[in-house]
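Trainee: Structure provided below as structure tokens; questions to follow.
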Amino acid sequence: MNDNPGLLLATLAASLLVAPLIFLLPERAWLARTSINLGAALLKLGLVALMVAGVARGDSYAFGFTVVEGVSFQLRADPLGIMFAGLSSLLWLFTTLYAIGYLEGSPNRKRFFGFFSLCVASTLGIAQAGNLFTFLLFYELLTLSTYPLVVHRGTPKALAAGATYLRYTVTGGVLLLIAVVALHALAGEVNFGQREVLADLGPEYHPMLIGIFVLLMLGLGVKAALVPLHGWLPQAMVAPAPVSALLHAVAVVKAGAFGIVRVVYDVYGIALSYELGLLTGLAIAASFTILYGSLRALAQVDIKRRLAFSTVSQVSYIMLGISLFGPMGTIAGLAHLLHQGLMKVTLFFCAGNYAEELGIHRIDELDGVGRRMPGTSLAFTMGALGMIGIPPLVGFLSKWYLGMGAIQAGMPWVIAVLVASSLLNAAYFLPILYRLWFKPGPLEGVGAWPEERRLGRLETSAWLLWPALATAAFSLLAGVFAGLPFSPLSWASLIATQEYLP
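Numbering (the numbering used here), first residue to last: 5 to 506.
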């Protein structure tokens, strides 16, 4: 069934067709490449905004065709998918701006931006997928298009990280493929939203459904960085800062978390997931990952590795939220899908700024940087305080609704997990903020910083500074104005009350 397919296809084409254009451009064609990148990002954001308004009105957008008998390629825009598409579109724009400045003067820029566009197109395809087959196609395209970004620098360390990334993600992809084929053999094609298909199967099929669910969680859990499937993520931090931001906030990790949300709510359904006892296991796995990631982050001295283990912890708030049986948990998990993206992309932008402007990579090198780079440090402070859960930043809303969801679901032990995690967040972020603002920095003119470059008239290049400030501002505004229509919290509430838990 095709309903208003033009907007769906145009949105996907806005990034998918950009990639071959960029690959064909000469390496020196900076202006043309920049114009195409920014034009496509703005166009895609505008098209997604039109679909957001349409979905809010009740309009439907769908496109599909039969691949072989019983298997079809399906795209659609529903509240959950369009929320993820909105996140990727907004952050793609800021990450593109940042990457233009970050890679200025670097080799192989057309290769970077070509695969960058393919990566974002894959993410949008995941958001718009209407069934598991289509989801799987774009999910694996994301793996292949992200690998060249991870190994972009071509150093032995980068190549080793890329090999680790492929080992994990390809293995996860194989498990996901097995699960999709097994589910198709059991129940035929299941489009997202057709929860009654599996719910109508008799009790004799429940053991098989549980086994398939475990396979799905293992396959998706690799990209979602569920422990012990997370090992690729800290290794991938050798990639450039825009890639780190893409991995953690826009594409790869979020694709895994989004896939788990799709399976729980749109394939199995929340009622069947609860009946089969799947939610308790998911809650335990998410809680363990939250605490483990926080403890590992506490032990890191490299800024990006600390942020990487923080991602391992923070993304599992999404899985914890959806595993709580009740609308509050759903709202918390879905809102955090966007909240974490805003905060984490800000932190990685700032880490990249410190590295590019001052050559700083370690936490013990940050003393007094707040006075040298106040804008970047202000943005980092807002991201860090949001991760801890300080109001009115968006991280507070996520944790508040998770706590309410735990009470609603009769799982008070989750509150202890949240408190412990918040204390650990404070333990590994507050010392950084203390170094930034309160410790004296090196004396000017005496080799003050590891490798100072003076990239612009401001504290650093405007291409690097303004995206960090903008995403930090969004993380504040999304908290202050959470009650307004189209805020992440309001949109998550719409999903919980109108589509998933009416």
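Ideal Cβ positions, reconstructed from N, Cα and C, are used throughout, including at glycine. Note that this is a predicted model, so its numbers are computed, not measured.
So, using beta-carbon positions, are A290 and S320 closer together than 9 Å?
Mentor: Here residue 290 is taken as the residue at index 286 of the sequence shown, counted from 1. Here residue 320 is taken as the residue at index 316 of the sequence shown, counted from 1. Contact: yes.
Trainee: So which of P444, F442, I394, W453 has the shortest CA-CA distance to T427?
Mentor: Numbered from 1 along the sequence shown, position 423 holds the residue referred to as residue 427. It is worth fixing the name first, because residue 427 is Leu in this sequence and not Thr. Out of P444, F442, I394, W453, I394 has the C-alpha closest to the C-alpha of L427.
Trainee: Here's a check: name, in chain order, each residue in its chain whose Cβ is nearer than 7 Å to the Cβ of I182, leaving out the five neighbours to either side.
Mentor: By one-based count along the sequence shown, residue 182 stands at place 178. Closer than 7 Å at the Cβ level, and outside the excluded window around I182, lie L219.
Trainee: Assuming V124 and S19 make a contact with CB atoms under 8 Å, what is their CB distance in whole Å?
Mentor: For the purposes of this step, residue 124 is identified with residue 120 of the sequence shown, where counting begins at 1. For the purposes of this step, residue 19 is identified with residue 15 of the sequence shown, where counting begins at 1. Sure, about 5 Å apart at Cβ, within 8 Å.
Trainee: Can you tell me whether DSSP reads S426 as helix, strand or coil?
Mentor: As a first step, residue 426 must be located in the sequence shown, where it is residue number 422. Residue state, collapsed to three classes: helix.
Trainee: Provide the residue span of the beta strand (DSSP E) that contains V75, from first to last.
Mentor: Position 71 of the sequence shown, counted from the start, is the residue given in the question as residue 75. V75 -> beta strand (DSSP E) spans 75-81.
Trainee: If you draw a straight line from the C-alpha of A383 to the C-alpha of A477, how long is it?
Mentor: Numbered from its first residue, the sequence shown carries residue 383 at position 379. Numbered from its first residue, the sequence shown carries residue 477 at position 473. Going by the C-alpha atoms only, they are around 8 Å apart.
Trainee: Classify R461 as buried or exposed, calling it buried when 16 or more other Cβ atoms lie within 10 Å of its own Cβ.
Mentor: Within the sequence shown, residue 461 is the residue found at index 457, counting from 1. Classification for R461: exposed.
Trainee: Inspect the beta-carbon positions of L346 and L97 and report whether they are closer than 9 Å.
Mentor: Reading the sequence shown from its first residue, position 342 is the one you call residue 346. Reading the sequence shown from its first residue, position 93 is the one you call residue 97. No; because the gap between Cβ atoms is not below 9 Å, this pair is not in contact.
Trainee: Measuring straight from C-alpha to C-alpha, what distance separates S64 and L11?
Mentor: Here residue 64 corresponds to residue number 60 of the sequence shown, with the count starting at 1. Here residue 11 corresponds to residue number 7 of the sequence shown, with the count starting at 1. So the alpha carbons of these two residues sit roughly 11 Å apart.
Trainee: Report yes or no: do the region 243-250 and the region 202-214 share at least 3 C-beta pairs separated by less than 8 Å?
Mentor: Output reads no: the region 202-214 does not touch the region 243-250.
Trainee: Quick check: the region 401-411 against the region 330-342, are at least 3 beta-carbon pairs closer than 8 Å?
Mentor: Flag = yes, the region 330-342 and the region 401-411 touch.
Trainee: Using CA atoms only, rank isn't needed, just tell me which of A60, A17, I367, M55 is closest to N41.
Mentor: Here residue 41 corresponds to residue number 37 of the sequence shown, with the count starting at 1. Considering only alpha carbons, the answer is A17.
Trainee: Measuring alpha carbon to alpha carbon, tell me which residue in G445, A259, A275 is nearest S92.
Mentor: Counting from 1 along the sequence shown, the entry for residue 92 is found at position 88. With distances taken between Cα atoms, S92 lies closest to A259.
Trainee: Using a 10 Å radius around the Cβ and a threshold of 16 neighbouring Cβ atoms, would you call S317 buried or exposed?
Mentor: Taking the sequence shown and counting its residues from 1, the one referred to as residue 317 is at position 313. Buried: at least 16 other Cβ atoms inside 10 Å.
Trainee: Could you check what DSSP says for A133 in three-state terms: helix, strand or coil?
Mentor: In the sequence shown, counting from the first residue as 1, residue 133 sits at position 129. Correct three-state label for A133: strand.
Trainee: When burial is assigned at 16 or more other CB atoms within 10 Å of the CB, is R375 buried or exposed?
Mentor: In the sequence shown, the residue the question calls residue 375 occupies position 371. So R375 counts as exposed.
Trainee: The alpha helix (DSSP H) with Y321 in it runs from where to where?
Mentor: The residue labelled residue 321 in the question sits at position 317 within the sequence shown. Taken as a continuous stretch (DSSP letters only), the alpha helix (DSSP H) holding Y321 covers 307-327.
Trainee: Is it true that the region 135-143 meets the region 98-108, where meeting means three or more beta-carbon pairs spaced less than 8 Å apart?
Mentor: The answer is no - the region 98-108 does not touch the region 135-143, with fewer than three Cβ pairs under 8 Å.
Trainee: Could you work out which residue in K48, M415, D82, L49 is closest to G62 when comparing CA atoms only?
Mentor: Within the sequence shown, residue 62 is the residue found at index 58, counting from 1. When each option's Cα is compared against that of G62, the closest is D82.
Trainee: Going residue by residue through the region 154-182, where are the continuous beta strand (DSSP E) segments of at least 3 residues, counting only ones entirely within it?
Mentor: Within the region 154-182, no complete beta strand (DSSP E) run reaches 3 residues.
Trainee: Decide if A36 is buried, meaning its Cβ has at least 16 other Cβ atoms within 10 Å, or exposed.
Mentor: Working through the sequence shown from its first residue, we reach residue 36 at position 32. Result: exposed.
Trainee: Alpha carbon to alpha carbon, what distance is there between V349 and A482?
Mentor: Here residue 482 corresponds to residue number 478 of the sequence shown, with the count starting at 1. Here residue 349 corresponds to residue number 345 of the sequence shown, with the count starting at 1. Rounded to whole angstroms, A482 to V349 spans 15 Å at the Cα level.
Trainee: With the cut-off set at 9 Å, would you say Q78 and N135 are in Cβ contact?
Mentor: Start at 1 with the first residue of the sequence shown, and residue 78 comes out as number 74. Start at 1 with the first residue of the sequence shown, and residue 135 comes out as number 131. It is a contact, given that the beta carbons lie within the stated cut-off.
Trainee: State the DSSP-derived secondary structure class of F69, mapped to helix, strand or coil.
Mentor: Numbered from 1 along the sequence shown, position 65 holds the residue referred to as residue 69. F69 falls in the strand class under three-state DSSP.
Trainee: With distance defined between alpha-carbon atoms, name the residue in A191, V226, A228, L230 nearest to M212.
Mentor: Numbered from 1 along the sequence shown, position 208 holds the residue referred to as residue 212. Nearest C-alpha to M212: A191.
Trainee: Output yes or no for whether 9 Å exceeds the beta carbon distance between E463 and P378.
Mentor: Within the sequence shown, the letter at position 459 stands for residue 463. Within the sequence shown, the letter at position 374 stands for residue 378. Their beta carbons are under 9 Å apart, which means E463 touches P378 by this criterion.
Trainee: According to DSSP, is R32 part of a helix, a strand, or is it coil?
Mentor: On the sequence shown, residue 32 is found 28 positions in, with the first residue counted as 1. In the structure shown, R32 sits in coil (DSSP, three-state: anything other than H, G, I, E or B).
Trainee: Please decide whether L49 counts as near chain B, where near means a Cβ-Cβ distance under 9 Å.
Mentor: Protein chain content of the structure displayed is limited to a single chain, and chain B is not contained in it.
Trainee: Decide if the region 292-306 is in contact with the region 156-168; the criterion is three or more beta carbon pairs, one per stretch, under 8 Å apart.
Mentor: The region 292-306, when compared against the region 156-168, does not touch it at the 8 Å Cβ threshold.
Trainee: Please return the same chain residues whose Cβ sits closer than 7 Å to the Cβ of K227, not counting the five positions on each side in sequence.
Mentor: Against the sequence shown, residue 227 aligns to sequence position 223. So the qualifying residues of the chain are T173, G176, V256, V257, A259, G260.
Trainee: Would you say the beta carbon of G68 comes nearer than 8 Å to a heavy atom of the ligand SAM?
Mentor: Absence of the ligand SAM from the depicted structure is noted, as is the absence of any ligand whatsoever, leaving it without description.
Trainee: Measuring straight from C-alpha to C-alpha, what distance separates S497 and A424?
Mentor: Position 493 of the sequence shown, counting from 1, holds the residue named residue 497. Position 420 of the sequence shown, counting from 1, holds the residue named residue 424. C-alpha separation (whole angstroms): 26 Å.
Trainee: Does the beta-carbon of Y438 have 16 or more other beta-carbons within 10 angstroms, so that it is buried, or is it exposed?
Mentor: Against the sequence shown, residue 438 aligns to sequence position 434. Label assigned to Y438: exposed.
Trainee: Between the alpha carbons of E200 and I364, how many angstroms are there, rounded?
Mentor: Within the sequence shown, the letter at position 196 stands for residue 200. Within the sequence shown, the letter at position 360 stands for residue 364. Rounded to whole angstroms, E200 to I364 spans 54 Å at the Cα level.
Trainee: Between the region 150-161 and the region 232-244, do at least 3 Cβ pairs fall closer than 8 Å?
Mentor: Counting Cβ pairs under 8 Å, three or more are found: they touch.
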